[in-house]
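First to last, the sequence lines map onto chains P and C.
The letter at position 322 of the first sequence is residue 321 when you use numbering that gives the first Met the number 0, and the numbering goes up by one with no holes.
The letter at position 199 of the second sequence is residue 198 when you use numbering that gives the first Met the number 0, and the numbering goes up by one with no holes.
The structure appears below as C-alpha cells.
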Amino acid sequence: MGYWPGSSGAPTIQDVRAGRHTQPSAETAPDRRFARPVVSRHVGHPDEIGHRGPISAKAVGEASGHAEPQARPRARPRVLLITEGTYPYAVGGVSSWCHALLTGLSETDWDVLPILAGRKHQRPSVKLPPNTRLLRQIDLWSESNPPRRLHARRVAEHGSLPAQLLRGLMPWEGDLEGLTAALVRCRRNPESIRPEFRGRESWEAFVSELEQLMMDSHRDSAPAPIYDAIEAARLYQALYWVARTAAVPTPACDVIHVTAAGWSGIPAIVHKAMYGTPMLLTEHGVYVREAYLASVREAAARPGHGHISPRLALGMTRAAYAAADVIAPVTEANADWERGLGVDAAKIRVIPNGIDPPTEYTAPPNIKKVIAVGRLDPLKDVQTMLLVAKEVMRRLPEARFECYGPPTLGQEMYADACVVMHRQLGLGDRFRFMGGTSDPNGAIRSGDVVVMTSISEAMPMTLLEAMGQGRPIVATSVGGVPSVIRGCGLIAPPGDVHELATAVVTLLCDPALAARLGRRGYERVHRKYTLSRCLGAYDRLIRELAGTVAA
Amino acid sequence: MSSSNGRASELGNLSQATVSADSDDEYAEAVLDARLGRDARDVLEATVVLEAWTGRPARRAMGHARRLVRLDGPSPRAISDLDPFDDSSQHSVVAEGIALALLILSVAAWASPISRQLGPNVLSDAIRVALPIAVALQWGLRSRYLSRPEGLECLRRDGMSVLLWCLAVAVLPLLLFHGWGPVAAMMVPVWVGGTVITMRGWGLLYASVLVVGTLAMEHAVNPYIVLGSLAGITLLICLAAVRTVSARTDLRAGSMRRAILAGLIGGFIGVLLVADPSLGWGVHGRHPAIALLPSAIGSFWGGYYLWNFYDAVPRGLRGVPLKGASRIALSDPAMSIFVGGIARLLGGTVVLSAIVIGVGHWTHGTDAPSVFVAFGLVGLLTLLVGLLEAFSLYRAALIATGAALATELMWRSTLHATVPGGALVAGAAVGVMLSLPVLLIRLARSGGVLATTLWIQ
Numbered sequence: 000m001g002y003w004p005g006s007s008g009a010p011t012i013q014d015v016r017a018g019r020h021t022q023p024s025a026e027t028a029p030d031r032r033f034a035r036p037v038v039s040r041h042v043g044h045p046d047e048i049g050h051r052g053p054i055s056a057k058a059v060g061e062a063s064g065h066a067e068p069q070a071r072p073r074a075r076p077r078v079l080l081i082t083e084g085t086y087p088y089a090v091g092g093v094s095s096w097c098h099a100l101l102t103g104l105s106e107t108d109w110d111v112l113p114i115l116a117g118r119k120h121q122r123p124s125v126k127l128p129p130n131t132r133l134l135r136q137i138d139l140w141s142e143s144n145p146p147r148r149l150h151a152r153r154v155a156e157h158g159s160l161p162a163q164l165l166r167g168l169m170p171w172e173g174d175l176e177g178l179t180a181a182l183v184r185c186r187r188n189p190e191s192i193r194p195e196f197r198g199r200e201s202w203e204a205f206v207s208e209l210e211q212l213m214m215d216s217h218r219d220s221a222p223a224p225i226y227d228a229i230e231a232a233r234l235y236q237a238l239y240w241v242a243r244t245a246a247v248p249t250p251a252c253d254v255i256h257v258t259a260a261g262w263s264g265i266p267a268i269v270h271k272a273m274y275g276t277p278m279l280l281t282e283h284g285v286y287v288r289e290a291y292l293a294s295v296r297e298a299a300a301r302p303g304h305g306h307i308s309p310r311l312a313l314g315m316t317r318a319a320y321a322a323a324d325v326i327a328p329v330t331e332a333n334a335d336w337e338r339g340l341g342v343d344a345a346k347i348r349v350i351p352n353g354i355d356p357p358t359e360y361t362a363p364p365n366i367k368k369v370i371a372v373g374r375l376d377p378l379k380d381v382q383t384m385l386l387v388a389k390e391v392m393r394r395l396p397e398a399r400f401e402c403y404g405p406p407t408l409g410q411e412m413y414a415d416a417c418v419v420m421h422r423q424l425g426l427g428d429r430f431r432f433m434g435g436t437s438d439p440n441g442a443i444r445s446g447d448v449v450v451m452t453s454i455s456e457a458m459p460m461t462l463l464e465a466m467g468q469g470r471p472i473v474a475t476s477v478g479g480v481p482s483v484i485r486g487c488g489l490i491a492p493p494g495d496v497h498e499l500a501t502a503v504v505t506l507l508c509d510p511a512l513a514a515r516l517g518r519r520g521y522e523r524v525h526r527k528y529t530l531s532r533c534l535g536a537y538d539r540l541i542r543e544l545a546g547t548v549a550a
Numbered sequence: 000m001s002s003s004n005g006r007a008s009e010l011g012n013l014s015q016a017t018v019s020a021d022s023d024d025e026y027a028e029a030v031l032d033a034r035l036g037r038d039a040r041d042v043l044e045a046t047v048v049l050e051a052w053t054g055r056p057a058r059r060a061m062g063h064a065r066r067l068v069r070l071d072g073p074s075p076r077a078i079s080d081l082d083p084f085d086d087s088s089q090h091s092v093v094a095e096g097i098a099l100a101l102l103i104l105s106v107a108a109w110a111s112p113i114s115r116q117l118g119p120n121v122l123s124d125a126i127r128v129a130l131p132i133a134v135a136l137q138w139g140l141r142s143r144y145l146s147r148p149e150g151l152e153c154l155r156r157d158g159m160s161v162l163l164w165c166l167a168v169a170v171l172p173l174l175l176f177h178g179w180g181p182v183a184a185m186m187v188p189v190w191v192g193g194t195v196i197t198m199r200g201w202g203l204l205y206a207s208v209l210v211v212g213t214l215a216m217e218h219a220v221n222p223y224i225v226l227g228s229l230a231g232i233t234l235l236i237c238l239a240a241v242r243t244v245s246a247r248t249d250l251r252a253g254s255m256r257r258a259i260l261a262g263l264i265g266g267f268i269g270v271l272l273v274a275d276p277s278l279g280w281g282v283h284g285r286h287p288a289i290a291l292l293p294s295a296i297g298s299f300w301g302g303y304y305l306w307n308f309y310d311a312v313p314r315g316l317r318g319v320p321l322k323g324a325s326r327i328a329l330s331d332p333a334m335s336i337f338v339g340g341i342a343r344l345l346g347g348t349v350v351l352s353a354i355v356i357g358v359g360h361w362t363h364g365t366d367a368p369s370v371f372v373a374f375g376l377v378g379l380l381t382l383l384v385g386l387l388e389a390f391s392l393y394r395a396a397l398i399a400t401g402a403a404l405a406t407e408l409m410w411r412s413t414l415h416a417t418v419p420g421g422a423l424v425a426g427a428a429v430g431v432m433l434s435l436p437v438l439l440i441r442l443a444r445s446g447g448v449l450a451t452t453l454w455i456q
C-alpha cells in the first residue's frame, strides 16, 4: 500500500476502468456496455466483471452466470442511493446534502436505501421529492430475520462464512476477493446466514482464524490485541451484521451511489459484483478516520480496547474503495486520505459541496455576538469552544456566544458534560446553548463572527453558510477547512484555546476587518461553492457512469 | 570565504531543520502520549491523533506517525467493558412473587364457592379453557413487550388497543358458551392483566384486589359479579399501569413473528397443564390448585435466577482468553447459571411440595405426590422451554412442548391410568428429555453460547 503518492489529473471513468490514467479526450464516448436496463434479477457477464476493476471473476465465483441483456441508454438514469444513519432521517450535514442532490437532480430517478442502527423507530425528517422512492431500510442489530425464500437453494460447501468475512475485513490488508465472494454468497443464500452464524462449527472456525489473525503483523500495524471471549463475540456479531447487510436485495439501477465507505458500501459491493453496475462513492468525512477518532476517544489509555471498530471500518473502507468506479470526496483533504489508503488517484474526483447563497450581502450587525452552528458532539470539540468563550469574555466582557445544534444521538452524555462545564466556567447567559434550529442562516446572520472548533471536518456546510451570509469565520485547521475559508477567516490549530480566542477577539474588535473577510467569503461562495456547480458536477458524473446522455 | 560562509550557513540551516524536526517529533510524541495514554496501535491511529489535535495535514501527520509509532511491543490483552447491568426491572420481584402466590391461592379459594353456586364442573371447565389462552397471551406479550427494556413504554406507544384487541379476540368468543364460558372469559383478563400490572411493579396492588375478590367470593357474593368486577378492575389498573409509564421510547417492540411463536409455545404449555383429566381442577379436594403453588413458586425462583443470564454470561467471560472460553466446564458462567436455576426450581418445588402435602389435611388440598411431581415437571419444562425461546430456538421449543402434549394425550387415551397426574408426568418428562439435551449442547461452551446464541438471535 502506498501512502500519498503525488496526485494526478482526473481521468474519465472509462480510463479508470480500462486502467488508463490519461486526461480525457473530447471524443471519449461513454462505455455503453455498462449501461443498465431497468430489469431486475439480471446478472452481469463473467468477463465484464473480470474487466471492471479490482474485483475479479474468480472472487465472484459462482455469482455470475448469465449474460446481461444489452442495455439501452435512457434519458433518466436510475440511481440507488445508499445512506448510513443519515438521509432521510437525520437533519443537517450529509442529510441536507442528499436532499439537495435528490431535489436538484430532478431528471434522475432515485431509490434511497437507508441503513440504520436498529431497535429504533425512525420517521423521515423531510418530504421526499417526487423523483425519489424510499426503500425498506436495513436495520442493523435489529431482531428481524434474514429474508427467506420459498424454495431455498441448497448451499454448497464454501468454508466458514464468519471466518471468510474475518479474513476479508480484519487484517491490515484483508482478502478483498474472498470478502466479495463471501458477500455475494450472503446475497445468494440469505437463509443460510443465521444458521451458519449460530452453528458451533462456524464459531470454532472463526476462533481459529482469529487466533491466527492475532499473531499477524504488518510494518504499519502492531499485532492485534489478545481478544477476550467477549471481544471475540462482539466481532462475531458485527460480522453477522455485515453478512445480513450484504444479503439485502437491491433494486436494478444504472448507478449505485454510496454516501459513506462503511456499511453502506456493502450492498453496493455485492450489487456491483453481481450485476456490474457502476459504483460512485461520495465521502463527506473519511469513514476510517472518523472510526479511528471515535475509538481513540472511547478507548484511550486502555491498551486492548477499541480494536474492532476501527479495524472493521478500515476493512469496509478498503473494500468500498476497491469496488468504487469513482470516489468523489468533498474536499482535497479527504482525497489525500483516500490516496493514502491506497486508492488509485485516477479514481478520485473532488466535488465540493455547495449552497444556494443569498443574492445580497448583509454586513455583520456589530453587536459582539459569536455564533456556532453544529451538533453537540465530541468531534465538534464543544468543550474547547467553551474555554475559548471564557477567554474571549475575559478579554472582551461584552462578547456573547450562541451555540445552535442538538446533541448527536448517542452523545447525550457529552452534551451533559458540556452543560456542566458551562456551569463550572461561570459563563451564564453570555454563552447560550440554543438547541437545534430550522433556520441556521438566520442564526448565522444574527452574529458578527462564526466560530468552529472541530477536531475533524471535511467540508462543513456551516462554513459555507457562514460565508454565504457574509460572516467571517474562526475555525480550526482540520480537514478541508483551511482550503475552504482561505482568505475569508482566521485559522488556528485544533484545541488551541489561546489562538482561537485571539482570533475571535481580533475580529470582534476590528469590525472593518471582519466585514472585509465576510465580504470575501460571500464572494468566494458565489464563485466556487454554489449548489448549482455541485449538482452540475454530480449530474455529469452520474450520466457518464450510467452511460446515458442528457435528455 | 563566501563559499565557506555559504557552507556554514547551509549546515546551520540543516542543523536548524534537524532540531526543528526533532522538536516537532517530540511535540507529536507528547500529543500521542497525552491523547492515547499508550502506544499507538498503528500508523493510522497515530495519524488521526496528530491530524485532529495538532492540526497537521494528513500527509505530514502520517510522516510523523511512521517515524514515531513503535510497533514491536507485546500485544496488549483486551479486557472488555460491559455496560452496568440495569436491574431496575427486578426491583419488584418480591411483589411479583407475592402476586403470583396469591393468584394461585385465590384460584384455589374460588373452587368451592363457584362449584357451590354455579355447579360442580363449571370451574374446572373454565380453567381448562382459560388457562391455555391466558398462558399463550402472557408468553406472546412477554416476547413482544414485557421482557424487553422499555417494553411497557413500547406497549403504551403501540396503544392499549393491542392488549384490548388480544383480549377481545381471545375472550369474547368464550361468552358464547353457556356455564363455564363467561367464567373463563373473566378469568383470562384477570390473569393476563395481572402479568402487565406486576411487570409495572404494582404487584401488591394486584394482590390486594385478588384478596378482596376472594373474600367477597367466600362471603357468597355472586361469582359472576365478583369475577366480572375483578376482570374490570384488573383491566382498569392495567390501563393505568401502561398509561402512567413515564418515559416515551423510540425503541422497537419485539418481532410479531416471534411473539406469535412464543404464544404458541405458551399455549401448548397451557393445554399440557389442563389436558390430564386425572388432575381434576375443582374435583380433588377443596383447594386443588394449591398443588400448583410449589412448582409455580419454584419455577418463579429458578426463572428469576436465570434472568441474570444475559448479564452474568458476558460478565463471567470478561477477560477470559478465547481458548478458555471454548472449553467445556460446569464452572463456566453459562452452565453454572443454568444449573443454579434448575437447582432452585427443583429445590423450591420439593421443599414447598413437602410442606403443602404436610398441611394437606388442613387445607383439604390434593395430597397425591404424583400431582406435585407432575406440576414440578411442568415447571421444569416451562423453564427449559422458556430458555429455548429466549435463545430463539423456537423449533426445539415447539417440538418439545408439542411432543409433551402428544405424549400426554396418548397416555390419556391409551392407558387410562388411575394415578393422578400420570399423563402429565409422562408428557412433561418427554418434553424435558427433548429440551434438556439441546440446551446442554448449547450451554456447554460459554464463549460459543454468547456469540452464537445470546448475541445472534
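Think of the CB as a built atom: it goes at the ideal place given N, C-alpha and C, for glycine as much as any other residue.
Contact set between residue i and chain P, taken where Cβ atoms lie within less than 7 Å
i	result
Q456 of chain C	E142
C-beta atoms of residue i and residue j nearer than 9 Å
i	j	result
S201 of chain P	T451 of chain C	yes
G420 of chain C	V370 of chain C	yes
W138 of chain C	Q236 of chain P	no
E210 of chain P	L49 of chain C	no
R273 of chain P	D324 of chain P	Checking the displayed sequence, the identity of residue 273 of chain P turns out to be Met instead of Arg. Against a cut-off of 9 Å, the Cβ pair of D324 of chain P and M273 of chain P comes out as no contact.
H270 of chain P	M458 of chain P	no
R186 of chain P	A267 of chain P	no
L140 of chain C	T53 of chain C	no
L122 of chain C	W179 of chain C	yes
A293 of chain P	I370 of chain P	no
S434 of chain C	V312 of chain C	no
Residue-chain proximity (residue i, chain C), Cβ-Cβ < 9 Å
i	result
Q423 of chain P	no
H497 of chain P	no
S294 of chain P	yes
Q566 of chain P	The question about residue 566 of chain P has no answer here: the residues shown for chain P are numbered 0 through 550.
D538 of chain P	no
G354 of chain P	The amino acid occupying residue 354 of chain P in the given sequence is Ile; Gly does not appear at that position. By this cut-off, I354 of chain P is not an interface position.
H283 of chain P	no
Residue i: first and last residue of the uninterrupted beta strand (DSSP E) it sits in
i	result
A228 of chain P	Run containing A228 of chain P: none in the beta strand (DSSP E); it sits in the alpha helix (DSSP H), 228 to 246.
H256 of chain P	254 to 257
W109 of chain P	108 to 116
Proximal residues of chain P, C-beta to C-beta of residue i below 9 Å
i	result
P436 of chain C	Correct list: empty, because the minimum Cβ distance to chain P is about 14 Å.
S254 of chain C	S141, E142, S143, N144
Contact list for residue i against chain C, beta-carbon separation under 8 Å
i	result
T475 of chain P	G54
Residue i: CB within 8 Å of a non-hydrogen atom of the ligand HEM
i	result
E217 of chain C	What this structure holds is no ligand at all, so the ligand HEM is not there to describe.
CB contact below 9 Å: residue i versus chain P
i	result
M61 of chain C	yes
N4 of chain C	Note that N4 of chain C has pLDDT 44, beneath the 50 cutoff, so the model's placement of it is unreliable and no number is given.
Chain-ordered neighbours of residue i on chain C, where CB pairs are closer than 7 Å
i	result
G494 of chain P	W52
Contacts of residue i in chain P (Cβ-Cβ under 8 Å)
i	result
E44 of chain C	Y291, S294, V295, P309
G139 of chain C	Simply none; closest approach about 15 Å.
Extent of the continuous alpha helix (DSSP H) run through residue i
i	result
C487 of chain P	First-last for C487 of chain P: undefined, no H or E at that position.
Neighbour list for residue i in chain C, Cβ cutoff strictly below 9 Å
i	result
W202 of chain P	S325, R444, G446, G447, A450, T451
Exercise. Got a sec: which bits of the segment 233 to 252 of chain P sit with their beta carbon under 7 Å from any beta carbon on chain C, in order along the chain?
Worked result: Residues of the segment 233 to 252 of chain P that bring their beta carbon within less than 7 Å of a beta carbon in chain C comprise Y235, Q236, Y239, in sequence order.
Problem set entry | Residues, ordered as in the chain, of the segment 310 to 344 of chain P that lie near chain C by beta-carbon distance below 8 Å | When C-beta distances to chain C are compared with 8 Å, the residues of the segment 310 to 344 of chain P below that value are L313, A332, D335, W336, G339, in chain order.
Problem set entry | Residues from the segment 168 to 199 of chain P in contact with chain C, defined by Cβ distance under 9 Å | Per Cβ criterion, the list reads W171, R193, F196, R197, G198, R199.
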